[in-house]
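In this note's numbering, the protein residues as written are 2 to 167.
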């Protein structure tokens with residue numbers, strides 16, 4: 002058990018070795034989600050990408066790993082999950098990038114703890130690193146779902162960190 006955990010952590014660390022090394026740039030978010038979707042074995046879970054093709058966000062190129070980790074976690078922890086949906090919504094001058102599923106959801110007492118280093122029953126690094134990756138360009142993430150109705154992660158993107166391309 003310990004050996005498998007160590008192997009998992011080493012593999013995870015290998016994927017994040019370039020974190021923060023490449024400079025941030027404008028990333029077509031829909032394409033990044035599509036790319037992430039094909040990195041994960043989804044089984045019978047449907048992943049829908051409803052993000053407009055013309056939206057770009059200013060982020061570290063490893064942002065794709067944010068999306069694949071959200072998908073992996075939903076499948077691993079969602080129990081009854083059948084669907085994951087990515088979408089966007091304008092909120093004031095910010096853009097919300099939403100990843101929601103129809104699984105079991107996250108209990109209120111864990112909504113912030115799931116982002117702590119070492120919390121969880123796998124490596125305890127996934128959501129911690131997601132928050133760190135997003136923070137490089139002032140993006141934030143919160144879990145806003147309702148227990149029993151699925152998880153809902155909202156990534157808040159400030160006005161100067163998203164744009165629509167012609």
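Beta carbons are placed, not taken as given, at the ideal position from N, Cα and C, and that holds for glycine. Because the structure is a prediction, the values reported are computed rather than measured.
Checklist entry - When the Cα atoms are used, what is the spatial distance from residue 148 to residue 44? => result 23 Å
Next on the checklist: So the candidates are 143, 31 and 164; which of them puts its Cα closest to the Cα of residue 154?
Outcome noted: 143
Checklist entry - For the 8 Å Cβ check, are there 3 or more pairs between the region 23-32 and the region 126-134? => result no
Checklist entry - When you compare only the Cα positions, how much space is there between residue 69 and residue 29? => result 15 Å
Checklist entry - How many Å lie between residue 91 and residue 55 at the Cα? => result 14 Å
Item to check | 8 Å contact criterion, which residue 97 and residue 89 should meet: CB distance rounded | outcome: 7 Å
Item to check | Counterpart residues of residue 59 in DSSP-defined beta bridges | outcome: 27
Item to check | Contact belief for residue 103 with residue 82 at Cβ below 8 Å, rounded distance in angstroms | outcome: 6 Å
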